[in-house]
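Novice: In full-length UniProt numbering, the protein residues as written are 1 to 348.
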């Protein structure tokens with residue numbers, strides 16, 4: 001696919017084959033530009049997921065939406081759309097499932113007898129502040145439930161829309177119940193438009209860090225993913241910019257293209273960067289044992305080879321140079337009682 005025919009504002013350009021489908025077909029002339037984003041209400045029985053991956057630091061996560069409009073071609077969540085019978089390609093960005101009953105489910109979860117509070121990641125899969133949130137306000141209602149129950153939550157997003165909810169985040173922060181992590185893989189705005197076409201601009205994300213920090217809401221940044229040959233020259237510039245804006249900590253990941261993320265990303269990079277597509281793909285393979293993906297616990301986080309080691313070293317230098325003396329606070333669980341008031345439970 002040539003760059004001239006690329007659909008603007010979108011990561012995937014076609015629907016890739018669902019690996020769970022027994023039969024597949026490819027329509028000859030499907031005009032995806034004419035396909036509008038649709039929203040389907042779903043009715044899950046639970047909203048909080050227990051995270052069982054051995055190399056992930058969180059214990060619980062929750063996702064008010066399935067699918068994501070932001071359009072990042074490398075998104076690790078794309079294959080989860082296949083469990084719903086959709087494609088990890090365009091369907092992931094255009095067919096969004098909405099969990100309107102999430103706040104009620106969360107309240108029921110908090111009321112479970114014997115539940116011991118632990119910070120919940122919002123979201124662990126798709127973005128809780130994607131454009132759909134302007135319409136549905138599910139994330140806002142979830143945060144209000146967390147405030148009412150004095151339950152800690154870590155918010156992860158690519159969108160400066162998080163600032164809309166300062167009126168809830170501020171009283172949460174006063175009780176040490178919330179942190180916000182913004183995903184900033186690049187501060188090169190031309191590259192940002194290609195990498196994550198429907199997210200907030202790099203400048204708006206940096207401004208969001210400043211505003212959140214001014215309101216004493218602790219901010220963490222995920223510099224993710226690092227894609228060698230695209231944004232791998234930016235870490236030091238990003239770390240300086242986010243530190244200056246007030247961020248207290250950061251994390252980063254190396255790109256990995258598991259399952260049906262691979263064809264979406266390959267199609268994307270060949271269209272946007274035809275002159276260096278093969279170089280970038282080969283650099284990724286050099287970090288992943290000759291493949292583009294990696295599912296091995298712990299190893300998938302580190303990568304291997306000279307390129308991966310160079311990236312790790314760069315972040316170590318950046319941490320010492322720009323984050324020395326900064327400490328990220330631990331969220332408080334002690335005031336959670338399982339009810340909206342602070343009366344302690346008599347029985348657990």
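For every residue, glycine included, the Cβ atom is placed at its ideal position computed from N, Cα and C. Keep in mind it's a predicted model, so treat the numbers as computed, not measured.
1) Give me the Cβ distance between residue 354 and residue 224, rounded to the nearest whole Å; I'm assuming they're in contact under 8 Å.
2) For the beta strand (DSSP E) containing residue 50, list its first residue and its last residue.
3) May I ask you to report which of helix, strand or coil DSSP gives residue 17?
4) Does DSSP classify residue 199 as helix, strand or coil?
5) Using 8 Å as the cut-off, can you tell me whether the segment 61–72 makes contact with the segment 99–109, which would need three or more C-beta pairs spanning the two stretches below that distance?
6) Does residue 241 come out as helix, strand or coil in the three-state DSSP assignment?
7) With distances taken from CA atoms, which of 16, 142 and 140 is nearest residue 85?
8) For residue 126, tell me which candidate among 39, 118, 113 and 158 has the shortest Cα-Cα distance.
9) May I ask you to list the residues that DSSP assigns as paired with residue 96?
10) Indicate the three-state DSSP secondary structure (helix, strand or coil) for residue 27 in the structure shown.
11) For residue 66, count the other beta carbons within 10 Å of its own beta carbon; 16 or more makes it buried, fewer makes it exposed. Which is it?
12) Helix, strand or coil, according to DSSP, for residue 147 in the structure here?
13) CB residue 364 to CB residue 163, shorter than 7 Å?
14) What is the DSSP secondary structure of residue 157, counted as helix, strand or coil?
15) Reducing DSSP to helix, strand and coil, say where residue 287 ends up.
16) Are the CB atoms of residue 333 and residue 117 nearer to each other than 7 Å?
17) Tell me whether the segment 252–270 and the segment 77–97 touch, counting them as touching only if at least three CB pairs, one residue from each stretch, are closer than 8 Å.
18) Assess, as a yes-or-no matter, whether the segment 325–332 is touched by the segment 175–195 under the definition of 3 or more beta carbon pairs within less than 8 Å.
19) Out of curiosity, what's the CA-to-CA distance linking residue 58 and residue 134?
20) State buried or exposed for residue 250, treating a residue as buried only when at least 16 other CB atoms are found within 10 Å of its CB.
21) Determine the DSSP secondary structure at residue 58, reduced to helix, strand or coil.
22) Can you give me the start and stop residues for the beta strand (DSSP E) that residue 218 sits inside?
23) If you drop the 5 nearest sequence neighbours on each side, which residues of the same chain put their C-beta closer than 6 Å to that of residue 339?
24) Tell me the residue span of the beta strand (DSSP E) that contains residue 251.
25) Just to confirm the assignment, what range does the beta strand (DSSP E) spanning residue 356 have?
26) Looking at the strands, I want to know which residues DSSP matches up with residue 90.
27) Under the assumption that residue 169 contacts residue 217 (Cβ atoms under 8 Å), give the Cβ distance between them as a whole number of angstroms.
28) Distance, Cα to Cα, residue 320 vs residue 312?
29) By DSSP, does residue 66 sit in helix, in strand, or in coil?
30) Kindly indicate which three-state DSSP category residue 226 falls into: helix, strand or coil?
31) For residue 311, does the three-state DSSP call read helix, strand or coil?
32) For the beta strand (DSSP E) holding residue 120, just list the boundary residues, first then last.
33) Which residue wins for smallest C-alpha separation from residue 416, given the options 113, 56, 109 and 69?
Specialist: Short version:
1) Residue numbering for the chain in the displayed model covers 1 to 348; residue 354 lies beyond these limits and cannot be assessed.
2) Position 50 of the chain shown, counted from the first residue, corresponds to residue 50. Membership of residue 50 in the beta strand (DSSP E) is indicated by the continuous run 48–50.
3) The count along the chain shown starts at 1 and reaches residue 17 at position 17. For residue 17, the three-state secondary structure derived from DSSP is coil.
4) Here the question's residue 199 lines up with position 199 in the chain shown. Judged by DSSP in its simplified three-state form, residue 199 adopts coil rather than helix or strand.
5) Yes, the segment 61–72 is in contact with the segment 99–109.
6) Walking along the chain shown from the start, residue 241 turns up at place 241. Three-state result, residue 241: helix.
7) As a working mapping, residue 85 is identified with position 85 in the chain shown. Looking at the Cα atoms, 16 is the closest of the given residues.
8) On the chain shown, position 126 is the one that residue 126 refers to. Answer by Cα proximity: 158.
9) On the chain shown, residue 96 is found 96 positions in, with the first residue counted as 1. Looking at the DSSP assignment, residue 96 forms a beta bridge with 39.
10) Taking the chain shown and counting its residues from 1, the one referred to as residue 27 is at position 27. The predicted position of residue 27 is uncertain, since its pLDDT is 47 and thus under 50; a value taken from the coordinates is nonetheless stated next. In the structure shown, the three-state DSSP call for residue 27 is coil.
11) Taking the first residue of the chain shown as 1, we reach residue 66 at position 66. Here residue 66 is buried: its Cβ has 16 or more other Cβ atoms, across all protein chains shown, within 10 Å.
12) Start at 1 with the first residue of the chain shown, and residue 147 comes out as number 147. Annotated three-state conformation of residue 147 is helix, per DSSP.
13) As displayed, the chain neither begins before 1 nor continues past 348, which places residue 364 out of reach and without an answer.
14) Counting from 1 along the chain shown, the entry for residue 157 is found at position 157. Assigned with DSSP and collapsed to three states, residue 157 falls in strand.
15) In the chain shown, residue 287 corresponds to position 287, counting from 1. Here residue 287 sits in helix by DSSP.
16) For this step, residue 333 is matched to residue 333 along the chain shown. For this step, residue 117 is matched to residue 117 along the chain shown. A Cβ-Cβ contact shorter than 7 Å links residue 333 with residue 117.
17) Touching, yes, given that three or more Cβ pairs across the two stretches are closer than 8 Å.
18) Taking a cut-off of 8 Å on C-beta distances, the segment 175–195 touches the segment 325–332, as three or more cross pairs fall below it.
19) As a first step, residue 58 is located in the chain shown; it is residue number 58 there, counting from the start. As a first step, residue 134 is located in the chain shown; it is residue number 134 there, counting from the start. Those two C-alpha atoms are separated by around 27 Å.
20) Against the chain shown, residue 250 aligns to sequence position 250. Looking at its Cβ environment, which holds 16 or more other Cβ atoms inside 10 Å, residue 250 is buried.
21) Stepping through the chain shown from its first residue, residue 58 is reached at position 58. Residue state for residue 58 is assigned as coil, using DSSP reduced to three classes.
22) Position 218 of the chain shown holds residue 218. Segment: none, residue 218 is in no beta strand (DSSP E) and carries neither H nor E.
23) Translated into the one-based positions of the chain shown, residue 339 becomes position 339. Counting only residues of its own chain and dropping the five nearest sequence neighbours on each side, residue 339 has no CB closer than 6 Å to any other CB.
24) Translated into positions along the chain shown, residue 251 becomes position 251. Here the beta strand (DSSP E) through residue 251 covers 249–254.
25) Absent from the structure is residue 356, since the part of the chain shown begins at 1 and ends at 348.
26) Here residue 90 refers to the residue found at position 90 when the chain shown is read from its first residue. In the DSSP output, where bridge partners are listed per residue, residue 90 has none listed.
27) Here residue 169 refers to the residue found at position 169 of the chain shown. Here residue 217 refers to the residue found at position 217 of the chain shown. Right, the Cβ-Cβ distance comes to about 5 Å (below 8 Å), so this counts as a contact.
28) Counting from 1 along the chain shown, the entry for residue 320 is found at position 320. Counting from 1 along the chain shown, the entry for residue 312 is found at position 312. A straight line joining the alpha-carbon of residue 320 with that of residue 312 spans about 13 Å.
29) Sequence index remark: in the chain shown, residue 66 carries index 66 (1-based). If DSSP states are grouped into helix, strand and coil, residue 66 belongs with the strands.
30) In the chain shown, counting from the first residue as 1, residue 226 sits at position 226. If DSSP states are grouped into helix, strand and coil, residue 226 belongs with the strands.
31) The residue given as residue 311 occupies position 311 in the chain shown. Secondary structure of residue 311 (DSSP, three-state): helix.
32) Your numbering for residue 120 matches position 120 in the chain shown. Segment 120–122, the beta strand (DSSP E) holding residue 120.
33) The shown model of the chain, from 1 to 348, leaves out residue 416, and the question about it has no answer.
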